[in-house]
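Under my numbering, the very last position in the sequence shown is 365; numbers go up by exactly one each time.
Contents: one structure, followed by commentary.
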Amino acid sequence: MTLILNNDDIASVLTMDETIDALRKAYEELARTEAVCRPRIDIRIPTSDPAKMYQWGTMEGGSASGYFAIRMKSDVVYEQEYGGTRTEEKYCVQPGLFCGLILLMSVENGEPLAIINDGYLQHMRVGADSGIGAGYMAREDASVVAMIGSGGMSRSHAESFAAVRDIRRIQVYSPTKANREAYAAEIEEKLGIEVVPVGSAAEACKGAHIVAGCTDAVEPVIFGKDVEDGAHITCVGGSIDGEAMERIDRSLRLGSAPAPVGIPEMRLHDEHITYEANAADGRPASAGKSKTRSGRAHGVVAEDRVVFLEELLQGAQGRPGPTAVTYSERGNIQGAQFFSVAGRAYELARAKGIGHELPTEWFLQDIRD
-3 MTLILNNDDI
7 ASVLTMDETI
17 DALRKAYEEL
27 ARTEAVCRPR
37 IDIRIPTSDP
47 AKMYQWGTME
57 GGSASGYFAI
67 RMKSDVVYEQ
77 EYGGTRTEEK
87 YCVQPGLFCG
97 LILLMSVENG
107 EPLAIINDGY
117 LQHMRVGADS
127 GIGAGYMARE
137 DASVVAMIGS
147 GGMSRSHAES
157 FAAVRDIRRI
167 QVYSPTKANR
177 EAYAAEIEEK
187 LGIEVVPVGS
197 AAEACKGAHI
207 VAGCTDAVEP
217 VIFGKDVEDG
227 AHITCVGGSI
237 DGEAMERIDR
247 SLRLGSAPAP
257 VGIPEMRLHD
267 EHITYEANAA
277 DGRPASAGKS
287 KTRSGRAHGV
297 VAEDRVVFLE
307 ELLQGAQGRP
317 GPTAVTYSER
327 GNIQGAQFFS
337 VAGRAYELAR
347 AKGIGHELPT
357 EWFLQDIRD
């Protein structure tokens, strides 16, 4: 039987510790070439509204340990300005609804094992990544976090940092006062950590040992002038400015997708690759959109100061010293995240009898594909 798992199902079984453990094992498999993934690919198509575009995004990967997964997203994407910050917004069918699915397969017999809503799992795997990065690169005595953003990613990041360091205080900033105050109350109760809402990103960074950008902005949200010596930076929404980039002493990249077999020159470090259609009048789908979200994403951050996780596992130096400013990023190995975390969630759900079953025969056919 093929298991259908929604976000509530995943939330009931998938903990941050389980997520971090699943990702660590997947990254070790990648380093041993026992797992494989490709960069995310986006396809953009104009809509009848010039301010919006349709975007189909996929990322996939699998491992000899047993699972393959593809994550698929169907979005209408547009930008808007709020409180002086330009943000990327998206929806499926109507604002407030989204379509993101993970198809989990067995590599032993090809069986479709599960179809999973990606929302909760998505937040957990991104937060866990930043936790892994902080675990390797943040100061051992890191106890104060600057959280820029107060959405779902900020919640999973709080959990992940608390899993790898003895976090005592989170200073949270987001443009909407009510949102940051609600975040502070929720996380303080959930994690037993002091959470203080503040009025600016600069104020959030004061005394912070870990600085996390978790917004939907399409512009810099972490500024070098605000980052204190010894801080570790991670940014999964928005970006860091040029001064912050210059201040990085050591950058950790968790991995890059390998090149296609026999075509080594096609190995890319970019986070995603985009294919784009034009409207009948020649207008590109992304016309008018922020340059930070168009075309190819950035490659390796601080490439001349980077260390890869594979190198750390072999004994390379990570953090240079207590006053160093460090950075961590996932790289373009999203596909590995989804086979590993979806596989772990599937196992946990099966063990607890959670989810809805559909006959696997519904997904099979007797005509050769």
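Note that CB positions come from ideal geometry on N, CA and C, so glycine has one too.
Computed from a predicted structure; not experimentally measured.
Secondary structure at G327: strand, using DSSP grouped into helix, strand and coil. S282 sits away from H265, with the two beta carbons spaced by 7 angstroms or more. Taking C-alpha positions only, G238 is separated from Y87 by approximately 31 angstroms. In terms of CA proximity to L187, R165 leads the group E177, A27, R20, R165. When DSSP reads this structure, S156 sits in no beta bridge, so it has no partner. One alpha carbon belongs to Y116, the other to N3, and they sit about 5 angstroms apart.
Excluding five sequence positions before and after V192, the CB atoms of its chain that fall closer than 6 angstroms to its own CB belong to Q167, given in chain order. Between G284 and D114, the alpha-carbon positions lie close to 29 angstroms from each other.
With 16 or more other CB atoms across the displayed protein chains lying within 10 angstroms of its CB, I183 is buried. When C-beta atoms of the stretch 105 to 112 are compared with those of the stretch 338 to 352, three or more pairs fall below 8 angstroms, so the two segments count as touching. C201 is the residue among G209, C201, A213 whose C-alpha sits nearest the C-alpha of V223. Taken atom to atom, the span from the alpha-carbon of I244 to that of T322 is near 5 angstroms. Boundaries of the alpha helix (DSSP H) around T15: 12 to 27.
The three-state secondary structure of S235, taken from DSSP, is strand. Nearest neighbour of Q51 by Cα position, chosen from F94, A174, G131, turns out to be F94. Listed as beta-bridge partners of H228 by DSSP are I206, T322. Taking 7 angstroms as the cut-off, the Cβ atoms of R249 and E353 do not count as close. The three-state secondary structure of I269, taken from DSSP, is strand. Distance from the Cα of R20 is smallest, within the candidate group T356, F335, R36, V297, for F335. Minimum Cα-Cα distance from S235 among the listed residues V257, A341, T211, E242 corresponds to T211.
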